[in-house]
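Engineer: Position in the sequence shown counted from 1, then plus 28, gives you this note's numbering.
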Amino acid sequence: MTEKVLKQEERVSLSLRALYKKYGYQPYKMSKFEEYDLYVANKEFLVGDGVITFNDTDGKLLALKPDVTLSIIRNSADKEGKRKVYYDENVYRISAKTKQFKEIRQVGLECIGEIGLYDEYETLTLAAGSLAEISENFVLDISHLGVLSAVLDSVCADKSFQTAVMGYLAEKNVHETENLCAVFGVDEKGKEILRTLFTAYGDMDEVLAKLAPICKGKAKAAFKKLQALCKLLSACKYAENIRIDFSVVNDMNYYSDVVFKGFIDGVAEGVLSGGRYDKMMARLGKNTGAIGFATYLDLLDGFNEEKSATDVDVVVLYDEKTSVSTLVKTVGKLVKKGVTVSAQTEKTALRCKETVDIRGGKA
């Protein structure tokens with residue numbers, strides 16, 4: 029009965045936390061208020077949404093819980109081994125679109141320490157497993173910023189060119205990229221490399237074969253890392269749901285190596301996002317690596333929920349002639365049977381399976 033009452037969001041939250049615990053992740057709880065300085069210095073990391081601020085009683089500017097990852101990083105000390113944590117938090121931001129306050133439910137995990145191939149594999153399979161807990165119809169798109177950065181360097185070293193290309197790549201906007209190449213004098217060979225990047229999405233083995241010819245020089249080492257990761261992922265149970273897609277891009281000032289995004293059928297936006305963020309760690313003075321992701325449960329509102337034909341199982345009708353003890357016993361017996369009950373003094377618009385009428389002193 030409890031499982032039926034829980035909303036989709038709550039059911040997913042419980043199953044995700046149980047999944048992460050199996051792999052040794054420990055719960056992390058952040059405070060509601062954080063110092064604003066941390067977030068204003070890294071506002072690009074917050075995906076463009078503003079921070080809700082207020083002054084504390086001592087005049088210090090505080091932020092209302094805008095991001096979990098930054099909080100975890102700030103409270104992590106460099107030490108041997110790995111720190112593996114998971115969280116279930118509501119964060120608060122100002123919407124870039126509506127300019128209104130919004131509450132975002134996030135469940136995710138972070139692995140901080142000396143990150144190796146296994147850690148990337150575990151994180152990606154847990155990301156895929158998280159999507160599978162929501163729906164069997166999901167896709168996890170992965171990209172690699174090490175490959176992307178090195179390949180773009182081979183085409184044009186100008187950072188303004190690369191920044192623009194990253195934006196067009198995210199939009200799969202080939203036309204504007206062609207115009208950009210004309211402005212920066214990119215030759216035909218460079219244009220062909222970019223066309224390969226723009227069409228590099230789909231089955232892991234097929235995309236790797238397509239990328240191999242353009243991954244030379246500095247790109248070769250990064251390509252081999254991606255190749256090794258995909259080899260492991262190809263043998264996992266979610267292999268059919270994992271694709272390479274270089275339109276998945278994140279800010280290179282924060283992220284490095286593998287980045288990824290998750291989608292489920294029936295929700296227009298990506299419900300999961302993550303990646304390796306060693307550069308973010310360095311920016312905050314941490315001498316270690318990190319990888320993690322967040323699942324945005326607020327996007328699941330109404331997703332895959334059964335549309336009930338009723339609001340309540342039983343409506344109990346009573347009036348001033350009905351003794352309170354009779355009403356208590358009647359409602360109590362029904363609740364013990366496992367049904368939902370609403371006591372009403374008159375006929376109601378509530379949709380129900382059954383009506384029990386004890387008005388006029390009826391027993």
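Virtual Cβ for every residue (Gly too), placed ideally from N, Cα, C.
Predicted, not measured: the structure shown is a model, and the values here were computed from it.
Who are the near neighbours of Thr338 in its chain, counting only those whose CB is closer than 6 Å to its CB and skipping five residues on each side?
Structural biologist: Arg379, Cys380 and Lys381
Engineer: Taking Ile221 as part of the alpha helix (DSSP H), name the residues at either end of that continuous run.
Structural biologist: Membership of Ile221 in the alpha helix (DSSP H) is indicated by the continuous run Glu216 to Phe226.
Engineer: Glu164 to Ala267, Cα distance in whole Å?
Structural biologist: 13 Å
Engineer: Using the rule of at least 16 other Cβ atoms within 10 Å of the residue's Cβ for burial, across every protein chain shown, is Lys289 buried or exposed?
Structural biologist: buried
Engineer: Out of Phe251, Ser262 and Thr373, point me to the one whose CA is closest to His172's CA.
Structural biologist: Phe251
Engineer: Classify Gln134 as buried or exposed, calling it buried when 16 or more other Cβ atoms lie within 10 Å of its own Cβ.
Structural biologist: buried
Engineer: Using 8 Å as the threshold, is the C-beta distance between Tyr149 and Gly136 below it?
Structural biologist: no
Engineer: Quick one: what does DSSP say Lys88 is sitting in, helix, strand or coil?
Structural biologist: In the structure shown, Lys88 sits in coil (DSSP, three-state: anything other than H, G, I, E or B).
Engineer: Among the residues of its own chain, which have a CB less than 6 Å from the CB of Ile162, if the five just before and after it don't count?
Structural biologist: Val40 and Ile292
Engineer: How about Ser262 and Met232: do their beta carbons lie closer than 8 Å?
Structural biologist: yes
Engineer: Give the secondary structure of Tyr149 by DSSP, where H, G and I count as helix, E and B as strand, and everything else as coil.
Structural biologist: helix
Engineer: Can you name the start and end residues of the beta strand (DSSP E) that Glu268 belongs to?
Structural biologist: No beta strand (DSSP E) contains Glu268, which DSSP labels as neither H nor E.
Engineer: Jot down the residue ranges of each uninterrupted alpha helix (DSSP H) in the segment 238–319, minimum 4 residues, whole runs only, in chain order.
Structural biologist: 246–261 and 306–311
Engineer: Taking 8 Å as the limit between beta carbons, can you name the residues of its chain near Val33, skipping five residues before and five after?
Structural biologist: In this prediction, Val33 scores a pLDDT of 43, lower than 50, which makes its location untrustworthy; no coordinate-derived value is stated.
Engineer: Please state whether DSSP places Cys184 in a helix, a strand or coil.
Structural biologist: coil
Engineer: Take the Cβ of Glu138 as the centre, count every other Cβ of all protein chains shown within 10 Å, and call the residue buried at 16 or more, exposed below.
Structural biologist: buried
Engineer: Note the first and the last residue of the continuous beta strand (DSSP E) segment covering Lys381.
Structural biologist: Cys380 to Asp385
Engineer: Tell me which residues share the same chain as Leu355 and place their Cβ nearer than 6 Å to its Cβ, disregarding the 5 neighbours each side in the sequence.
Structural biologist: Tyr346
Engineer: At which residues does the beta strand (DSSP E) containing Ala371 begin and terminate?
Structural biologist: Val369 to Gln372
Engineer: Where do the ends of the beta strand (DSSP E) carrying Val40 lie?
Structural biologist: Not the beta strand (DSSP E): Val40 falls in the alpha helix (DSSP H), residues Gln36 to Lys50.
Engineer: Since I believe Ala318 is in contact with Ile140 (beta carbons under 8 Å), could you give me their beta-carbon distance rounded to a whole number of angstroms?
Structural biologist: Sure, about 4 Å apart at Cβ, within 8 Å.
Engineer: For Leu345, report the span of its beta strand (DSSP E) as first-last.
Structural biologist: Its beta strand (DSSP E) spans residues Val340 to Leu345.
Engineer: Beta-carbon separation of Arg271 and Ser284 under 8 Å?
Structural biologist: Not a contact, by the Cβ cut-off of 8 Å.
Engineer: Please classify Glu297: is it buried, with 16 or more other beta-carbons within 10 angstroms of its beta-carbon, or exposed?
Structural biologist: exposed
Engineer: Is it buried or exposed for Asp273, if we count other Cβ within 10 angstroms and need 16 for buried?
Structural biologist: buried
Engineer: Going by the beta-carbon positions, is the gap between Leu225 and Val179 smaller than 8 Å?
Structural biologist: yes
Engineer: For Leu176, does the count of other Cβ atoms within 10 angstroms reach 16, so buried, or fall short, so exposed?
Structural biologist: buried
Engineer: Which value, in whole angstroms, describes the spacing of the CA atoms of Ala377 and Val359?
Structural biologist: 19 Å
Engineer: Quick check: what's the CA-CA separation for Gly388 versus Val343?
Structural biologist: Cα to Cα, Gly388 sits roughly 16 Å from Val343.
Engineer: Buried or exposed, going by whether 16 or more other CB atoms sit within 10 Å of the CB of Ala249?
Structural biologist: That one is exposed.
Engineer: Between Leu321 and Thr151, how many whole angstroms is the CB-CB distance? I'm expecting something under 8 Å.
Structural biologist: In the sequence as displayed, the identity of residue 321 is Phe instead of Leu. That pair is a contact at about 7 Å.
Engineer: Between Tyr51 and the rest of its own chain, which residues show a CB-CB distance below 7 Å, the 5 nearest in sequence each way excluded?
Structural biologist: Glu150 and Leu154
Engineer: Would you report the Cα separation of Glu206 and Lys219, rounded to the nearest angstrom?
Structural biologist: 8 Å
Engineer: From this set, Val277, Tyr48, Leu260 and Val235, which residue's C-alpha is nearest Leu159's C-alpha?
Structural biologist: Tyr48
Engineer: From Arg45 to Lys110, what distance separates their C-alpha atoms?
Structural biologist: 19 Å
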